[in-house]
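According to our numbering, the sequence shown holds residues 22 to 473 in order.
Report on the following structure.
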Amino acid sequence: MSAITLINPADESVIRDVEHSTIEQVDAAVAAASVAQRSWAALAPVERARALRRFAATVGEHVEELAALEVVNSGHPIGQARWEAGHVRDVLDYYSGSPERMLGQQIPVAGGLDVTFHEPIGVVGVIVPWNFPMTIASWGFAPALAAGNAVVLKPAEWTPLTAMRLAELALEAGLPEHLFQVLPGKGSVVGERFVTHEDVRKIVFTGSTATGKRVMAGAAEQVKAVTLELGGKSANVVFADADLEKAAATAPYAVFENAGQDCCARSRILVQRSVYDRFLELLEPAVRGVAVGDPNAETTEMGPLVSAEHHAKVASYLDGADVAFRGTAPDGPGYWFAPTVVLPRSRTDRVVTEEVFGPMVAVLPFDDEADAIALANDSIYGLSGSIFTRDLGRALRVARGVQSGNLSVNSHSSVRYATPFGGFKQSGLGRELGPDAPFAFTETKNVFLSTE
Ligand code: NDP
């Protein structure tokens, strides 16, 4: 059996080995999950709600432990990691209200009563990336469980520790055995088996657009449902009438948080030409002020990149780029990369069109509102974005014009569990979170009862 040796990205020390799951183990897990799912779905809704509330409470009691694991495994700053663990608790809490609210419809028809039911799909496969290991996992497993499904979950090979601990906490909280199983291993083995296994009836995938396409093509073989959360190249659009000080002070955090390893990163800043130079003057101290360093320090705002391999990929975008200015980063061991501001030579430069997934941002000028919308939409992606202006009408026009799933005006709102999240174009398919998420883990069944 193969294994991976996990490395702490902040100092390159060895954490531990984690064994890879085999195809046989995946098949056994899915078989056990199918059995567990039937009993789970047969429980009274209030019982499923109580079980999820207990799971939420147990996660809440282990926020510090989960956060510490994420600091070591992923290099996330402790403040951010604590937020992430608390977010998992809150997501579970939110969806513990769902089992008793999976409302169907009563539809007027002649000759009888017509009603719809939201039946669970069965076993759901959740494939998670390495950038936000526990939060993204919870966006899949919490609503899926709430809708009466069982879940098999594959964490990213590099960052499995928090998901593995969450599976243990589920059992400690009293969730039935085999209802929520975490199977660490390779995407090409465990992830692909989720896609090809006939009893896994839905795949929730978050990761690169290239792998997402492969998952979708594989799922087509069995007409299997998919939700895809893929890449992004989101625009932060700053108009001349905006509060420029606020726009410049907040822009670094919209792209450098999590070292830019964020599908929602506003990695293109589009600035109206008349204030372009002034904006850059204001942006420079803000970028230099980002606190990059030891993830264990409470004041740290940005940690290292996740791995040596990913560091090499991000660094490749420096080749031939015009760097305007950079922030700081520690020397020595660890996959450190200073926040970097690049001024592209054209709107087709690699750094403008590709998802860097690191702390690098391209700043480009635009002429007017129409040009801003066209430039923001000039991407295969459409996940998030921000608009800075004091003109409310313009804010709404631009928000409606940008082809993107999540927009934020005079702010950079991050993901909220109570609101829907997902992408236009090649950023994804379907929506996660928000009040409707559990319905994406059901089949609608229509039943007609004759009164004749
Ligand atoms: P991937 O899309 O390859 O990985 C995401 C998840 O999918 C991981 O759990 C991975 O497993 C799994 N996986 C890989 N191959 C398959 C497969 N054939 N079938 C099923 N599951 C599979 O992303 P990478 O880690 O390779 O990152 C590459 C780039 O993708 C990044 O630089 C970034 O640009 C983008 N990305 C975007 C994310 C987002 O949130 N939108 C998240 C992560 C990456 P394993 O870990 O074993 O490879």
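Beta carbons are placed, not taken as given, at the ideal position from N, Cα and C, and that holds for glycine.
### Query
Buried or exposed: Asp389, going by 16 or more other Cβ atoms within 10 Å of its Cβ?
exposed
### Query
Taking 7 Å as the line, does the beta carbon of Pro150 fall inside it for any heavy atom of the ligand NDP?
yes
### Residues of its chain near Ala256, where Cβ-Cβ distance is below 6 Å and the 5 sequence neighbours each way are ignored
Arg289, Leu291, Ala397 and Gly406
#### Entry: For Glu305, the nearest candidate out of Ala261, Ala77 and Val363 (CA to CA)
Val363
### Task
Could you work out which residue in Ser295, Ala31 and Gly449 is closest to Pro351 when comparing CA atoms only?
Ala31
### Message
Please determine whether the Cβ atom of Gly208 lies at a distance below 7 Å from any heavy atom of the ligand NDP.
### Response
yes
### Query
So does Ala177 have its beta carbon nearer than 7 Å to some heavy atom of the ligand NDP?
yes
### Task
Flag this pair as touching only if the region 122-135 and the region 343-350 have three or more C-beta atom pairs under 8 Å; answer yes or no.
no
### Query
Identify the residues that DSSP records as bridge partners of Val290: which are they?
According to the sequence displayed, residue 290 carries Ile and not Val. Answer is Asn257 and Val384, bridged to Ile290.
### Task
Measure the alpha-carbon distance for Gly118 versus Thr463 and round it to whole angstroms.
16 Å
### Query
Does the Cβ of Lys223 have 16 or more other Cβ atoms within 10 Å, making it buried, or fewer, making it exposed?
buried
#### Entry: Reduced DSSP category for Thr156 - H, G, I as helix; E, B as strand; rest coil
helix
### Message
Checking 8 Å against the spacing of the C-beta atoms, do Lys466 and Phe138 come in under that value?
### Response
yes
### Message
Counting beta carbon pairs with one atom in the region 209-225 and one in the region 181-201, are three or more of them shorter than 8 Å?
### Response
no
### Query
Is the beta carbon of Val92 sitting closer than 8 Å to the one on Ala106?
no
### Task
Would you mind reading off the limits of the beta strand (DSSP E) that contains Phe346?
Val344 to Arg347
#### Entry: Cut-off 7 Å between Cβ atoms - residues of its own chain near Tyr115, not counting five sequence neighbours on either side
Tyr438 and Ala439
### Message
Rounded to the nearest angstrom, what separates Phe9 and Glu82 at their Cα positions?
### Response
This structure does not reach residue 9, given that the chain is present from 22 up to 473, and the question cannot be answered.
### Near the ligand NDP: Gly252 beta-carbon under 7 Å from a heavy atom
yes
### Message
Taking the straight line between their C-alpha atoms, what separation do you get for Asp262 and Pro181?
### Response
46 Å
### Query
DSSP three-state call for Arg309: helix, strand or coil?
helix
### Query
Closest by CA to Ser429, which one among Cys285, Pro365, Ala461 and Ser471?
Cys285
### Message
Buried or exposed for Gln243, going by 16 or more other Cβ atoms inside 10 Å?
### Response
exposed
### Task
Quick one: measure Cβ to Cβ for Pro360 and Leu385, integer angstroms, because I've assumed they're closer than 8 Å.
The pair is not a contact, with the Cβ atoms about 18 Å apart (cut-off 8 Å).
### Query
In or out: Arg421 buried (at least 16 other Cβ within 10 Å) or exposed?
exposed
#### Entry: Proximity of Leu474 and Val335 at Cβ, strictly below 8 Å
Within the shown structure, residues of the chain are numbered from 22 to 473, placing residue 474 beyond reach of any answer.
### Query
Heavy atom of the ligand NDP less than 7 Å from the Cβ of Glu213, yes or no?
yes
### Query
In terms of alpha-carbon separation, which member of Val258, Arg287, Val468 and Ile157 lies closest to Thr410?
Val258
### Query
Looking at Gly228 and the ligand NDP, is the gap between the Cβ and the nearest heavy atom below 7 Å?
yes
### DSSP state of Val419 mapped onto helix, strand, coil
helix
### Query
Cβ of Arg415 within 7 Å of any heavy atom in the ligand ATP?
For the ligand ATP, the structure offers nothing, since it holds only the ligand NDP.
### Message
Quick check: Asp399 and Arg368, are their CB atoms within less than 8 Å of each other?
### Response
yes
#### Entry: Element boundaries [beta strand (DSSP E), containing Thr227]
Val221 to Thr227
### Query
Would the C-beta of Arg235 count as close to the ligand NDP, meaning under 7 Å from any of its heavy atoms?
yes
### Query
Secondary structure at Glu250, three-state DSSP: helix, strand or coil?
strand
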